[in-house]
Structure formats: structure tokens, C-alpha cells
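Residues in the sequence shown are numbered consecutively from 78, following the numbering used here. Notes follow once the structure below has been shown.
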Amino acid sequence: MNTSLQPITDVSVFLAAHADKELLRLVVVGSVDDGKSTLIGRLLYECDGLFEDQISAVRRATAKRAAAAEATNGAVGTLTQGLQNAAAGPIPGEDIDFSLFTDGLRAEREQGITIDVAYRYFSTPRRKVIVADTPGHIQYTRNMATGASTADAAVILADARLGVLPQTRRHAYIASLLGIPYLAVAVNKMDMVDFDRAVFERIGRELADFARPLGFTQIRLFPVSARQGDNITQASTRTPWHEGGTLLAWLESLPHQRHLDAAPLRFPVQYVLRPHQNYRGFAGQIASGSVRVGDEVMVLPSQRRTRVTAIDTFEGSQEQQGAPHSVTLRLADEVDISRGDVITHLEQPPAVLHQLEAMLVWFGEQPLDRSRRYLVKHTTRTVPTTIEQVLWRMDLENLSEVPAESLSLNDIGKVHLVCKRPLLCDSYRVNRRTGSFIVIDALTHDTVAAGMILGPAGARAGRAQVGSLITAEERRARLGQPGGVFLLPDAPDAEERAFQLERRLFDLGRHVSVVRGDTEVALALAETGLFVLFHTTAPQARRNLRDHGLALEPSADLDGWVKQILSAQERHHP
């Protein structure tokens, strides 16, 4: 355990300092038996995140397991069994099996695996950390997605003896889908390959090369031994060739993530409270943003406008509250509001979509059946939905998009959904809370998929500003051009060529603008009739616009691109 901590002399000072620490949500992922639980147990132990009775209980459980393993070895008498048991237990001279700090279910301890998602808490001098230990078995992929859905950073483990496995790739891709910006690749069990630098570099390079196109903001590599503590909280003397520091130091250095209350207001109504005739309130959890008494708000999908007169909480009335608090709002007018409606500010409202495109991670034992009835549960709204089309399935070996008619267990793909009632949503990239949903089988009520909203289905669907009295068609007619998004090839000089192309089109009398990276802005501007020249280095953003824009020929020059854009204009607006 960490012996460098100073004794606490002033509890109030300690509590105040602890409350001011930044919070980091961390998920640890990887294939089965890669050592995820052991790594987390080591972090908890080294960072003093455990009580003495927890440590004592794990010591007893470790001794019990060691005795059982010794009895098994004596009965079986084989070297293979002995090696397997040795790998599963504590290292020689230690009396703690660190994996037992998180494997809490009886079935987990008996099998030596993680089944459920285990959340643990610890703090460092700089941060408070909530860490999710997720299962590696393929049949528990849904649990892994649950644990990763709120994370700010991910640690993905690879066994130094086995390398990168299919489930390792699947977890890395799911982490990218869920919008996790920071990824650490930890090559674990380096002690079992004698801390061979070549092994580390081969595995680390393979996994980093796979993850790099997925759009992570930062990827770092660490050679570690979770059982022996190398490069977890202290630098290892057995890896003098590693200059990347420790895993804990990296976690402490990550930038603080934007708070939910800094995003636009989204308040999905959960209950309508009317205890007596003089009180009518709308209860729910603020999904994002903040609200204060006196704010002008709009109710969707009705688009009725009103004003907040009171914010009631368990602690009493408040002048202001933000995400993720649960509150009851009282409004100035008698507005018809029911469960599933969303209260938002007049600026930056969510999209109101009947048809949308989304990424699905399929959890169901039965494959996706487009003739079957499904329900989409999105915030507090549950809507009958048809999966109109599977646009493609992701091949996790090479990140290629494979044509598909269905999705099977643990497949990941892009789909077109048609909802019988509109979803009041944002793209997942913009807002995790209002950009995610689950799919439920309407007959069995099994949860069969988790979804992340990309945007409306089709290039023109649902982009007009909610509440606007001007249609997208009227805007395009006023400009005299159809508008559209044109994707520039990914090249080092893409931005420079985009501005050159913008000048050329502007001189020809066209309304044009350059947008870098933001797909939502690009599509919204195209709705107004602008020619949008879009460039980005993020593969996911390019994929999001694949069906909404025209890709310019990589080999063409500026004149060729101008001809391509004007030809597209003539086809849509002769």
C-alpha cells in the first residue's frame, strides 16, 4: 500500500480538498483472462482505496483458493494443472489475489472470471476515480458496453503471451463508438515473457494501429504486470527501455472532461405530479444542461413555449439546478405534457426524428429480424420501431464495412430505424444521454441491442430548426441552389485546398462555406442551401457523412472538383 501519504490532521480541510478534485470515469476492458480485475485490484490497493476488513477478507479468500489449488495439484499431479493454478493465484511471497477485490459474485470467484460490471472508487492526490471492471467473455459483451457507456478514458489489456484477440478488437471498437476519447493500451503479464521489449512493441503496435483510425484523441502504451505491480503506480526497474511513465501518472494527467451541465438543456419528463389542484409539476432527471427559475423553455414535440416558475427538489426549492440532478419543474402555463416529452431551452433544441440512422451493438441471442416488432427505449420515451434496413456490418479484423441483411450476437452495424412516434434526440457525438437508446424485443421484452444515434435517415431528413416557420426548401429556393456536403479527400493539404476551392466557387456566384470536422454543422448548413466543403482526419466523422455527402475524387484538381460540384447542382436543381 502507499506509505507516502501524510496523516490527516484537519478533517474539514481534507474533505474540502477531496470535494474539489476532478472526477475521472475509467473503464478497463479486454479479452477474457487478460487480467482486468487484477489490474483494478492493484490500483485500489496501491492507492489506499480499500478498507482493512476488505483486505483481510481477500487474504482469507486467497488462502482458501491456494489451499484448494494445492489439493487439486496433489490429486491430479500434472505440471499443466499446476501452472494453470499458479497463473490464477497470487505471486510467490504475496498473500493477496488482487482480482478478488472486484470479482464479488460467487460465480465469478468460483470460475475466476468477471460476469457483472463492478464499479470501484479510489482517489489520488489529483483526482477522484470511478473505475468499471467489465467482463471479457464474449457472451457478456452487453455488460462491457454498459460499463463503458459513461467512461472518460479506457484501459484495454492484452495478454503478452496471447497478443491481440478478436474480443480485444471488439472492445476497442465499442469504446470508440461510445465516444471515449482517451485510450491506454496495457500489455499485461509481461513478467511471463521476461519483460521482452520486442513482445511489448509487437503487441502494442498491433493494437495501437488497429485503434488509431477509430478516432481516439490520445493512445498510450504501457508494459505492465498487474500481479507484480510493474508500471501501474510505480515505474518498473525491469523495463528501463520504457519511457512512457506509469499508468496512474497517465490517468492523473488527462484533461478534465466537459460537465453535463455545460451542454444544452435536456429534461425528459418522467412523471407528472399533481398531489392537489393547486400543484402541477413535471418530475425527472436533468439529462444535460441547467435550468433556472424564470427561464423561457419549450416543450417538445408540441413546441409549446412557457416559463419556469419553480424548481423543487428533495432539499427544497432551488433557483437553479443542473445535470444530473433530479428535480420537479413548475411552469407558468397549463401546458399538455406527458411522460417522454422533453423540456428544453428555445436555443439549441434537440432534433425531432421519426427516421434516423444509428450504430447498433447487437446483444440478442436471435439475429436481427426486420419483420419483427421492436421497441426503442430512449430517455423516458418508449416507441414502437421498425428496423427498416441494415446498412452495413463492421468487420472488426480490418474495420471494413460489409454489406449485411441482419446482425447476429455481438455484431456491430449501422441501421436505418423508423419510429412510430418521434424521438427527441441529439447525435451521440454531441450528447451521450440523449443520443443513446436500447432496443427491446416487443414479444419477449428482452433487451437485444444498444444504439448510438448518428443523425436523421437521408440527407434531408429532420435538419430544419425546431419551431422555425421557414422550411428547408424555402431556404434553398431563396439562395437558388440545392446545397450539399462535399467531402474533400483526407490529405495533409486538405484545409488549404478547401479554402482554394471555396474561393473558386464563390467567384462563380455560389454560396459556399468550409467546415472542419463537425458533421452536425455541415448538414445543418447544407439544409439552408449552402455548398459545404467538409474536411476531417477522423474516420468516424467521414463514415457518418458517407450517405449524406458527395465524396470528391481524390485524383482530381480544383477544376475537376468544381465540375463535379456543379454537375451535382445541375442534377438536383436544373
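Glycine included, each C-beta is placed from N, C-alpha and C at the ideal position.
In the DSSP annotation of this structure, A628 is not part of any alpha helix (DSSP H); the continuous beta strand (DSSP E) holding it starts and ends at 626-628. Take the alpha-carbon of R197 and the one of R142: they are about 23 Å apart. Nearest to S226 by C-alpha distance, out of A237, A252, R246, is A252.
In the DSSP annotation of this structure, A387 is not part of any alpha helix (DSSP H); the continuous beta strand (DSSP E) holding it starts and ends at 381-390. Here D268 carries a helix assignment [DSSP, helix/strand/coil]. In the three-state scheme derived from DSSP, where H, G and I count as helix and E and B as strand, R581 is classed as helix. For K497 and K454, the gap between their C-alpha atoms comes out near 13 Å. Relative to the Cα of D567, the nearest Cα in the group T245, A645, G224, L610 belongs to L610.
With a beta-carbon spacing of about 7 Å, L325 and L120 fall inside the 8 Å limit used to define contacts.
Where P243 is concerned, the enclosing alpha helix (DSSP H) starts and stops at 243-254.
In the displayed model, L177 falls within a helix according to three-state DSSP. Per DSSP, D286 is one residue of the alpha helix (DSSP H) stretching across 274-288. Shown here for G417: same chain residues with a beta carbon closer than 6 Å to its own, the five before and five after excluded, namely T457, R458 in chain order. Under DSSP, P533 forms a beta bridge with L433.
Note on geometry: alpha-carbon atoms of L342 and R382 lie some 14 Å from one another. Between I530 and T524, the CB-CB gap reaches or exceeds 8 Å.
A contact is defined here as three or more CB-CB pairs under 8 Å, and the region 372-386 meets this definition with respect to the region 397-412. Going by DSSP, E123 is part of the alpha helix (DSSP H) stretching over 113-123. The three-state secondary structure of I309, taken from DSSP, is coil. Between A645 and L627 a beta carbon distance of about 6 Å is seen, short of the 8 Å cut, so the two are scored as contacting. Within its own chain, the residues whose Cβ lies closer than 6 Å to the Cβ of A138, once the five positions on either side in sequence are excluded, are L177, listed in chain order. Rounded to the nearest angstrom, the gap between the Cα atoms of I309 and A285 is 19 Å. Counting of Cβ neighbours within 10 angstroms places V104 among the buried residues, the total reaching 16 or more. DSSP places W327 in the helix class (H, G or I) of the three-state scheme. Secondary-structure assignment with DSSP links R458 through a beta bridge to H455. Around the Cβ of N355, a 10 Å sphere holds fewer than 16 other Cβ atoms; the residue is exposed.
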